[in-house]
Every structure is written in structure tokens, then in C-alpha cells.
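If you're matching positions, the sequence shown starts at 15 in my numbering and goes up one per residue.
Don't be surprised by glycine CBs; every beta carbon is placed ideally from N, CA and C.
Here the structure is laid out as C-alpha cells; the discussion comes afterwards.
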Amino acid sequence: MATFISTPSHENLPRTADVVVIGGGPAGAAALWAIDRAAPTTRTVLLEASESLGAGSSVASLECFRSCWPTLCLARQLERSIEVFLHADEYLGEGAGKDIAVRQNGYFFCAFTEAQAAGLKADVARLHEIGLTHVEYLEAEAIRQRFPWVGERVIAGKFDPMAGWLDSNALIYRFARSAKNAQIVLGVGEIQICVEHGKVIGVTTPFGDIATPRVLIAAGAGAVALARGVGITLPVVIRPRQSFTTAWRDERIPPTSPMIISSAPFAHLRPEAHEGAIFGFEYTWHNKYAGAAYGTNAQHDGLLEPVFPVANLKDPRFPSITLALLARQFGHRDGEGFANPRYLRGIRHNIGYYVCRGDEAAYRVGNEGTHIPYESERAIIDAASEIDGLFLSIAHAGHGIMSSPTAGEIAASRVLGLPFTDPTFADFGIGVHWVEHDERVL
Numbered sequence: 015m016a017t018f019i020s021t022p023s024h025e026n027l028p029r030t031a032d033v034v035v036i037g038g039g040p041a042g043a044a045a046l047w048a049i050d051r052a053a054p055t056t057r058t059v060l061l062e063a064s065e066s067l068g069a070g071s072s073v074a075s076l077e078c079f080r081s082c083w084p085t086l087c088l089a090r091q092l093e094r095s096i097e098v099f100l101h102a103d104e105y106l107g108e109g110a111g112k113d114i115a116v117r118q119n120g121y122f123f124c125a126f127t128e129a130q131a132a133g134l135k136a137d138v139a140r141l142h143e144i145g146l147t148h149v150e151y152l153e154a155e156a157i158r159q160r161f162p163w164v165g166e167r168v169i170a171g172k173f174d175p176m177a178g179w180l181d182s183n184a185l186i187y188r189f190a191r192s193a194k195n196a197q198i199v200l201g202v203g204e205i206q207i208c209v210e211h212g213k214v215i216g217v218t219t220p221f222g223d224i225a226t227p228r229v230l231i232a233a234g235a236g237a238v239a240l241a242r243g244v245g246i247t248l249p250v251v252i253r254p255r256q257s258f259t260t261a262w263r264d265e266r267i268p269p270t271s272p273m274i275i276s277s278a279p280f281a282h283l284r285p286e287a288h289e290g291a292i293f294g295f296e297y298t299w300h301n302k303y304a305g306a307a308y309g310t311n312a313q314h315d316g317l318l319e320p321v322f323p324v325a326n327l328k329d330p331r332f333p334s335i336t337l338a339l340l341a342r343q344f345g346h347r348d349g350e351g352f353a354n355p356r357y358l359r360g361i362r363h364n365i366g367y368y369v370c371r372g373d374e375a376a377y378r379v380g381n382e383g384t385h386i387p388y389e390s391e392r393a394i395i396d397a398a399s400e401i402d403g404l405f406l407s408i409a410h411a412g413h414g415i416m417s418s419p420t421a422g423e424i425a426a427s428r429v430l431g432l433p434f435t436d437p438t439f440a441d442f443g444i445g446v447h448w449v450e451h452d453e454r455v456l
């Protein structure tokens, strides 16, 4: 089992490692696990700034996973990740299945108009083309029988029965603890990567140096500053993303309900423990609380630099805005459904960063060679070509929990110089700027 160092000092900090992983979220912890599985004698050290693992953007996660990705590399990535979730005892140790508590309730995408229904039908046809034949297109009658609580306004839907959710914190800790040769150091807030003659030679911390030939950056929004410290500008966009958990849920929505995803702008919710629910959507925020002080990226509704603590960027109106949007889409009047004021009592409001590929890493080539940027769902899991021994597992586009087992295995392949288990995983390379069906993914 991994060794945890919760109070680091000059005396107990490891001085050497074969690989140092920076970041204790799902990407970093999963990489630690995967490196240990692929090369059990590898000495790894994970450095995390917070006092616990999974303390960054994971706190705002809805902790969900789904299989219905039209992009082939993402479909294969999630197929493998779901296999790990469903066989957690085998991959993460005895009792892991109970700990991560998978609920395979499904994902249900709603259509309110004929145009939206046609879009979902086309989505399902594409998914069937790549072998995801378990994903269903549902007409109104089938919806009334299976999910009557969504109401009469929903005329069609896409249903992924393989999807669901789990305990993300338990998953992260299971990854970390199962890495037998790992030392995990918490509370290391300042880290600098050391490079000599174009090669990684170690990292510097407030508690001393660790000599290592290989470093994996898996630090979410914090990766930007780490890379800049060695002269690399990462091609990423950083956005705050909010969610909230309620203590109450409309009694018409049973605990067996799938995750419900509304139409654009795709507010979503799922049952939470006991009688609650958890809500989120990719809320356009930058005109609300950003301003010049945060170095806003108006083109991408994001930040040029992350702000810490990210809690400073919470919009207190977010819960009421989300509920009002859903009430309007589902046709709920004052006092009923999503317009019931009970939803706004006892809320836990969360926020974290959503990091995705920027214009330089996701674009189509148009006429005369012009670059046409697009919103990509693919992470960057690759070597940093500028520096020998530096690797990246970043820009997971809000899917860090669901993709973590396979993302960890891809990162391990990069770090250890091993072949990929699936050739499509090369599409997570930093230089792969376009992949079919990676644009406007729902």
C-alpha cells in the first residue's frame, strides 16, 4: 500500500524517485495506479498542494460517467474506464466496489422539439455505427412508460443505460492506495520543475529537492503555472464550472432516476443521497464576476490565469438561475417541480475549474489552410516535446472522474514508453488538432 506523508518536512520528504506526479486529483492518482500496475518496481512520488487528495475541481463534480461518446477515442476510453468501475475489486483491491458505490442509473438526454429529437436520433445512429448499440433512441410513448416524471414536454430522448455515477473521493483514494511503491506527499503548495540541458532532473519544494528523470503534470488548472516555470505555454482554456447539491428532491423523481440532461444549454441533474439532488450546467459566467483583475478570455468565456481560491468566483445566483432554466424548459409553474422553492433551502454550492484544449490544440483546417478552432472533448495526455522527461495529463474537459482509469493508463504508457492498449489513444496527443466527431459533442 502507498505511504502517505501528511506533514512534510526536510526530514521525511523523499529525495529520489523514478517518476514524480504533480497533482492529487483523478488524473494524478489514476496515473500513479496505472504506473504501478504496468511497472510494479517503479518508485513514484505524488505531490499534492492541498491537505487531501481530490480537493480541487473534483469537489464540484457530479461524479458521473457515460459511455455514449461519438468520438472513437473517447468511446474506447470510457469503455475501458467503465470496465474498471464495474470490476473495482479486481483492479483497485478488495472492498473497492463497495467503497466507490457505483450507481448505474443511466443518462437520459431530453428533446423538447422535433429538431432536437432529430439531433438525438442522429446521435444514436452514430453511436450504433461504432458499436455502442446499447444506447437507445426513445419516442414519447416509451418515455412515458419508463421515465414518466420528466413530463409531457419531452417528446424524445437518448438513453445510455451503461452510464451512472460513483463516489469520486473514494475512487481517487483507491487509486492512490493501490500504488504499492508510491509515496504521496500532501500539503506541498509550491513546486518547481528543474530542467538541465533540456532534460528533467527533479523538482524543488519548500521541503527540499526530489531528484527524478520524469515528471507528470496532472494538476488541473494549476498546470499552467507549473509549465510556465519551465518555459512552456500550455494550449488550454480555463473556465470556472459550478454545481449545487440540494437537501430536497421533487418526490416524483425517484432514486432510480437516470441523470437527466435538458436541451441547450444542457442543465442537468441527478438524484443525490437520501432525498436530495445535484445540479449543474456550463453556465456562461464571465460577464458576471470576472473583470480585468482575473485576466479574462472573453472569446472562450474563460480565464487566462486560474484564480485561487476558486470559491471567489462563485455566482450566488447560480442555483436559482439553473432551477429557473429547468422550470421554463420542463414547463413547471410557480411552486411545482423545479419552480418549487424547497429546492433553494439548505444548498451546498460548489465550484471548480474546467480545463480544455485551446485554439492551438483543437482546430479544423479550412480553405487556404486557415485554422478554425472548435471545442474539443479530448484531454491532452502526452509528452511535452520541448523537454525530455516531462509529461502532461491535462485538459480533461470536465470528464476527469469518468475517464480517470484509462487516462491513467494512457499517461503510464507515455511515461514508461509502452505501447497503447488501443491505437485510438494516440488521439489524446497534444499535436492531434482534429479528430472526427470531436466537435459539438453532446
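- When the beta-carbon positions are compared, VAL455 and PRO175 stay at least 9 Å from each other.
- In the three-state scheme derived from DSSP, where H, G and I count as helix and E and B as strand, LYS112 is classed as helix.
- SER257 and ALA397 have their C-alpha atoms roughly 32 Å apart.
- With respect to the 9 Å criterion, VAL250 and VAL369 are classified as neighbours on the basis of their beta carbons.
- Per DSSP, ILE335 is one residue of the alpha helix (DSSP H) stretching across 332-344.
- Non-local C-beta neighbours of ALA115 in its own chain, meaning closer than 8 Å and more than five positions away in sequence, comprise LEU180, ASP181, ALA184, ordered along the chain.
- For ILE157, there is no enclosing beta strand (DSSP E); the enclosing alpha helix (DSSP H) covers residues 154-160.
- Close CB contacts of ALA31 within its chain, under the 7 Å cut and outside five residues either way in sequence, are with ARG57, THR58, VAL59, ILE224, THR226 (chain order).
- It is roughly 20 Å from the alpha-carbon of LEU327 to the alpha-carbon of GLY39.
- Pairwise C-beta distances place the segment 191-207 out of contact with the segment 133-145, as fewer than three of them are shorter than 8 Å.
- Counting along the chain, CYS208 sits inside the beta strand (DSSP E) bounded by residues 206-210.
- Fewer than three pairs of CB atoms, one per stretch, sit closer than 8 Å, so the segment 359-379 makes no contact with the segment 206-216.
- Taking C-alpha positions only, GLU319 is separated from ALA233 by approximately 14 Å.
- Residue burial annotation: PRO437 is exposed, with fewer than 16 other C-beta atoms found within 10 angstroms of its C-beta.
- A residue is called buried once 16 or more other Cβ atoms fall within 10 Å of its Cβ, and LYS112, having fewer, is exposed.
- Per the C-alpha coordinates, the member of GLY443, ILE415, PRO419, SER417 positioned closest to ARG428 is GLY443.
- Of GLN118, ILE231, GLY345, the smallest CA-CA separation from HIS410 is found for ILE231.
- In this structure, the beta-carbon distance from ARG253 to HIS314 falls below 9 Å.
- DSSP places GLN256 in the strand class (E or B) of the three-state scheme.
- Assignment of GLN130 by DSSP, reduced to helix, strand and coil, places it in the helix class.
- Restricting attention to ASP50, SER71, GLU62, the CA atom closest to the CA of PRO323 is found in SER71.
- Rounded to the nearest whole angstrom, the CA to CA distance from LEU106 to GLU296 is 32 Å.
- Residue environment for VAL229: buried (at least 16 other C-beta atoms within 10 angstroms of its C-beta).
- In this chain, the beta strand (DSSP E) harbouring GLU62 covers 58-62.
- Taking the C-beta atoms as reference points, ALA74 is found no nearer than 9 Å to ARG191.
- Using a Cβ-Cβ distance cut-off of 8 Å, the segment 340-347 and the segment 153-173 are in contact, since at least three pairs of beta carbons, one from each stretch, lie closer than that value.
- In the DSSP assignment, VAL244 falls outside any alpha helix (DSSP H), carrying neither H nor E.
- Checking the DSSP bridge columns, you'll see PHE173 partnered with PHE122, GLU150.
- For LEU100, the closest of CYS87, LYS194, ARG117 by C-alpha to C-alpha distance is ARG117.
- PRO387: member of the beta strand (DSSP E) spanning 385-387, first to last residue.
- For TYR367, the three-state secondary structure derived from DSSP is strand.
- Between the alpha carbons of TYR187 and PHE18 lies a gap of roughly 11 Å.
- Residue pairing by DSSP places LEU404 opposite VAL229 in a beta bridge.
- Counting only residues of its own chain and dropping the five nearest sequence neighbours on each side, GLY316 has a CB closer than 6 Å to the CB of VAL251, ILE252, ARG253.
- The Cβ atoms of GLY216 and VAL34 sit closer than 9 Å to each other.
- Here the segment 87-97 lies against the segment 409-423, with 3 or more beta-carbon pairs under 8 Å apart.
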